[in-house]
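Everything below concerns the one structure shown next.
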Amino acid sequence: MYPTRGSGEDKLDSLWRAYRAACPDREPGANFMPNLWRRIESRQNVSFSIQRMVRGFVTAAAAVTIAIGVYVSLPRTTPASGVSYLEALAEANSLDTPEIVGPVRLDWNEPGR
Amino acid sequence: MLVEFELIRRAQQGDSKAFNDIVLAYRKRTMGTINRLIARTEDVEDVAQEVFLRLYFSLDQLRAPEVFEPWLYRLTVNAAYDYLRKQRRRPEFRMSDLSEQQVMMADAAAGGKVEHDEQQQKKLRETVDSLLGAVSEADRVLLLMKEVEGLSLRELEKVYRVKENALKVRLFRARQRVLKAFETEEQKGQNG
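Heads up: the protein sequence lines correspond to chains A and B, in order.
Using the numbering used here, count along the first sequence one by one with no gaps and you end on 114.
Using the numbering used here, count along the second sequence one by one with no gaps and you end on 327.
So, in structure tokens, the structure goes:
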């Protein structure tokens, strides 16, 4: 055991030394290595499954991105194509269009009112 | 170093045999360190396996074989710290929780009479474990690495990747707390 006389600091140092002596390096059990390799393999399997899943997600995301890219870049034939902005505007808002016709004026002196 | 640098390089390149040889060389020392850090003999092997498991999956991050030992100590310190934190959350199982009959059965299963030396060692472990209750798990591990494992401040600097002065301050405070707990215990012993 450690000495019980002396200053607190000295006694504490002796206690550490006694503790070191009481806990020597240990011999591992016979199953240490087989168990370690089993744990390594099991962790590898888990990480392999996760990697496969992640790879699947990445592939799917890449495929979707390419599909969207192709769809967006496809040339479209719209009725306004080849027509200038002003022409398209004039066509959309021709004078026959009721929205731009001036407000209706009501004649209050109309007979019968 | 307990192994050649070349063996570490081969293990880094995925050579399982080289990794196996490294574990065989270091497992006894690592288990000894863990035994002293956690003071629970029944869980030492489990924590040591966790250390080597982490080593296996992080070996490719090792910059140079020359820093292998501080690296392994770092993994050991982290695994012990993780274990101690988990233990704090788990209610501890003590012999005093058992009924008298259960204790007798446990004694019989363990081979009956426990040797005097073993009892003293157990008591010493319990004393140190109880004194270290005065500091956090992180300080406990740091203090034991310095005082019991005998690592120098320079070595600890490599393990913790913290400046020597910061370690000195932390060690001093932890040691003062443990010393205070030690003196309180002694006073209690003298009075009681």
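Think of the CB as a built atom: it goes at the ideal place given N, C-alpha and C, for glycine as much as any other residue.
In this text the structure is predicted, and so the values were computed from the model without any measurement.
- The C-alpha of V47(A) is placed about 54 angstroms away from the C-alpha of Q322(B).
- If you check the CB distance, V263(B) and A174(B) come in under 8 angstroms.
- Within chain B, the residues placing a beta-carbon under 7 angstroms from that of E28(A) are K163, ordered along the chain.
- With the criterion set as a beta carbon lying under 8 angstroms from some beta carbon of chain A, the members of the segment 304-318 of chain B are R310, V313, L314, F317, E318, in sequence order.
- Interface criterion not met: the Cβ of P35(A) is under 8 angstroms from no Cβ in chain B.
- Here K281(B) is buried. Its C-beta has 16 or more other C-beta atoms within 10 Å.
- A distance below 7 angstroms between beta-carbons, with the five flanking residues on each side excluded, links Y161(B) to the following residues of its chain, in chain order: L137, L207.
- Here DSSP, grouped into helix, strand and coil, assigns A316(B) to helix.
- Within the same chain, Cβ atoms closer than 8 angstroms to the Cβ of V313(B) are found at L266, L267, A269, V270, L278, the five residues on either side in sequence being excluded.
- Apart from the 5 residues on each side of it in sequence, L172(B) sits with its Cβ closer than 7 angstroms to the Cβ of A215, V276, L279 in its chain, given in chain order.
- With a cut-off of 8 angstroms on Cβ pairs, the segment 24-40 of chain A is in contact with the segment 146-164 of chain B, counting three or more such pairs.
- Contact between C24(A) and N300(B) is absent: CB atoms are separated by about 30 angstroms, not below the 8 angstroms threshold.
- Considering only Y191(B), L190(B), M166(B), F192(B), the residue with the shortest C-alpha distance to D181(B) is M166(B).
- Relative to R220(B), the option among Y191(B), R308(B), E272(B) whose CA is nearest is E272(B).
- Between L197(B) and F203(B), the gap from beta carbon to beta carbon is short of 8 angstroms.
- Taking 8 angstroms as the CB threshold, I41(A) lines the interface with chain B.
- Along the segment 183-206 of chain B, going in chain order, the ones with a CB nearer than 9 angstroms to a CB of chain A are A183, Q184, E185, F187, L188, Y191, F192.
- In the three-state reduction of the DSSP assignment, E28(A) falls in the coil class.
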